[in-house]
Amino acid sequence: MSNIVIGVSSGIAAYKISDLIKKLIKSGHCINVIMTKNSVHLISPGKVEELTGNKVFLNLFEENFTPEKILDERKVDHIEVAKNADLFIVAPATANTTAKLAMGVADDFLTTAILATTAPVLICPSMNTNMWNHPATQKNLKQIQSFGYEILFPTTGKLACGTHGIGRLPETKKIEQTIQIILSRKKILNGQKVIITSGGTTEPIDDARVITNRSSGKMGKALAEAAYRYGANTTFIRSDRSIKSSHPIKQVIFTTSAELEEILLHEVKNADIIFHAAAVSDFIPNKVDGKINSDKRLEIEFEPTRKIINKIKNINSKCILVAFKAVSTSDESEIKVKTDKLFKNSHADYIIVNNISRTDIGFESDENEVQILGKDGEIKFIPINSKEAIAREIVEKIFKTDQLSK
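Residues in the sequence shown are numbered from 1 upward in steps of one, following full-length UniProt numbering.
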């Protein structure tokens, strides 16, 4: 049984939520419902409470609220709801609620609880076609996806306003199926010890200057959070300049490639799966003590770094190693030469290839497009999408098989 929280905002389709609640309860789930101030005009909180057997959450502060009670009990309703959720759904999600979520606004129980949860979040938008097509709404949806929230897109048909177009809340059966898919993911990596490296290394040139790369760590963060949501015991090894995760994940910080090597080779001993997504410097400058004078021509000597990835299988031959290869070409034969070499030297089980020469994906972008290469020659293509969606697909395409039981 899962604890599912349903947030109901004031779309006309709110009346359909009763049917969804009934079906989810019949499937054995515990349902808690949060309603926005205006949604009560579309569905009765009393009716919802009858269906769920649980109190409906409407206001951040109850009538008899006192700060002393909070300080005494150390429990806040919206935090407790957020903490105990296995899945958070917003259905219907109006244009207004969608905009609030995109901007991180927390001005009512629903938006505050979502901001506080680390559970998967499923957004089910429903609105007038013109509102859906408005650039602001589309921008907000992209922003929401970058948080790792999933969107179940509306369908096309006759709308409450009388027009025909996109904006209908998907049928209850479709929402129910999507919920089941999300909840079943925890079984994919259940209990597996998964390590993700992320971000770029930084090497000192002198006491003031460094050399680094453009890696933002967004892809690694997305992978770490996907692994966590898929049930893994996750360790996120990230650079001090990369994006951190707000999820309750073990995070270990590195700066230089030497620090990354020391941390990673210690952690890999008992790992089941390793995603080595960090962008490691290929060369290290010979550091100069002090600060180099800036009034002269500067020549820097570099030494090649040791390939950390080539040591992983020597320490833990049983782990599943997923390597990442950034290329600046679309030439398949050139990519094959590079990946064959990486397979040979690292003994990786899979290589994720992405083209960093494209301006619409890769470094610093919120989106990516990748190929998954298997050591058996199998190639799986994942088209352009948010890095969060790409991370989920990587995990599912590699591990939604019997791989972990082999």
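The beta-carbon is built from N, C-alpha and C at its ideal position, and this holds for glycine as well.
First through last residue of the alpha helix (DSSP H) which encompasses residue i
i: Gln180; result: 172-184
i: Gly46; result: 45-52
i: Ile144; result: 135-146
i: Gly220; result: 218-229
i: Glu388; result: 387-399
i: Phe343; result: 332-346
i: Phe109; result: 109-116
Range of the contiguous beta strand (DSSP E) that encloses residue i
i: Ala93; result: 87-93
i: Asn32; result: 30-35
i: Leu122; result: 121-125
i: Glu303; result: 302-304
Burial state of residue i (16 or more Cβ within 10 Å)
i: Arg74; result: exposed
i: Ser405; result: With a pLDDT of 46 at Ser405, under the threshold of 50, the predicted position of this residue should be treated as unreliable, though the coordinate-derived value follows. It counts as exposed.
i: Gln177; result: exposed
i: Pro304; result: exposed
i: Asn84; result: exposed
i: Ala82; result: buried
i: Ala208; result: exposed
i: His276; result: buried
i: Arg392; result: buried
i: Gly148; result: buried
i: Ala279; result: buried
i: Asp402; result: Any reading at Asp402 must be qualified, since the residue scores a pLDDT of 45, below 50, and its modelled position is unreliable; the value itself is stated next. It is exposed - the Cβ of Asp402 has fewer than 16 other Cβ atoms within 10 Å.
i: Ile21; result: buried
i: Arg214; result: exposed
i: Asn64; result: exposed
i: Thr155; result: exposed
i: Ser357; result: exposed
i: Lys387; result: buried
CB-CB length for residue i against residue j, believed under 8 Å
i: Ile274; j: Val210; result: No, Ile274 and Val210 are not in contact; Cβ-Cβ is about 27 Å, not under 8 Å.
i: Ser330; j: Asn355; result: 6 Å
i: Thr117; j: Leu60; result: Not really, about 15 Å apart at Cβ, beyond 8 Å.
i: Thr94; j: Ser18; result: Wrong, their Cβ atoms sit about 18 Å apart, outside the cutoff.
i: Gly7; j: Val76; result: Incorrect: roughly 17 Å between the Cβ atoms, too far for contact.
i: Lys307; j: Asp349; result: About 17 Å; that fails the 8 Å criterion.
i: Asn233; j: Lys173; result: About 34 Å separates the two Cβ atoms, so there is no contact after all.
i: Ile205; j: Lys287; result: 7 Å
i: Leu152; j: Pro92; result: 11 Å between Cβ atoms; not a contact.
i: Asp86; j: Ile4; result: 7 Å
i: Ala389; j: Gln145; result: 7 Å
i: Ala227; j: Val395; result: 7 Å
i: Ile372; j: Ile335; result: With 8 Å as the limit, Ile372 and Ile335 do not qualify as a contact, their Cβ atoms being about 13 Å apart.
Secondary structure of residue i, DSSP reduced to three states
i: Glu68; result: helix
i: Asn355; result: strand
i: Arg238; result: strand
i: Thr155; result: strand
i: Ala375; result: The amino acid occupying residue 375 in the given sequence is Lys; Ala does not appear at that position. Coil, per DSSP.
i: Glu261; result: helix
i: Ser317; result: coil
i: Ser247; result: At residue 247 the sequence reads His, which differs from the Ser that was named. Correct three-state label for His247: coil.
i: Ser198; result: strand
i: Tyr15; result: helix
i: Val56; result: coil
i: Ala279; result: strand
i: Val76; result: coil
i: Val5; result: strand
i: Leu20; result: helix
i: Lys406; result: Low local confidence applies: a pLDDT of 45 at Lys406 is under 50, so the model's placement there is unreliable, and no value is given.
i: Ile284; result: strand
i: Ala160; result: coil
i: Glu62; result: coil
i: Val252; result: strand
i: Lys193; result: strand
i: Val40; result: helix
i: Glu267; result: helix
i: Val81; result: helix
i: Ile274; result: strand
i: Asn310; result: helix
i: Ile382; result: strand
i: Ile25; result: helix
i: Lys325; result: strand
i: Asn293; result: coil
i: Asn96; result: helix
i: Asn233; result: strand
The ligand PLP heavy atom lying under 7 Å from the CB of residue i
i: Asp376; result: Of ligands this structure carries none, so the ligand PLP is not represented either.
When the Cβ atoms of the region 122-137 are set against those of the region 39-49, are three or more pairs found closer than 8 Å?
With a cut-off of 8 Å, the region 39-49 and the region 122-137 do not count as touching, because too few Cβ pairs lie within range.
Mind the definition here: the region 189-206 touches the region 229-245 only if three or more C-beta pairs lie below 8 Å; say whether that holds.
Yes: at least three Cβ pairs fall under 8 Å.
With three or more beta-carbon pairs closer than 8 Å as the criterion, would you say the region 286-296 touches the region 310-328?
Contact between the region 286-296 and the region 310-328 is absent, with fewer than three C-beta pairs closer than 8 Å.
Stretch pair the region 54-73 + the region 28-36: three plus CB contacts closer than 8 Å
With a cut-off of 8 Å, the region 28-36 and the region 54-73 count as touching, because enough Cβ pairs lie within range.
Does the region 154-174 come within contact of the region 242-260, defined as at least 3 CB pairs closer than 8 Å?
The count of Cβ pairs closer than 8 Å, one atom from the region 154-174 and one from the region 242-260, stays below three, leaving the stretches out of contact.
Counting pairs of beta carbons, one from the region 132-144 and one from the region 212-220, are three or more of them closer than 8 Å?
Between the region 132-144 and the region 212-220, the count of Cβ pairs shorter than 8 Å is below three; the stretches do not touch.
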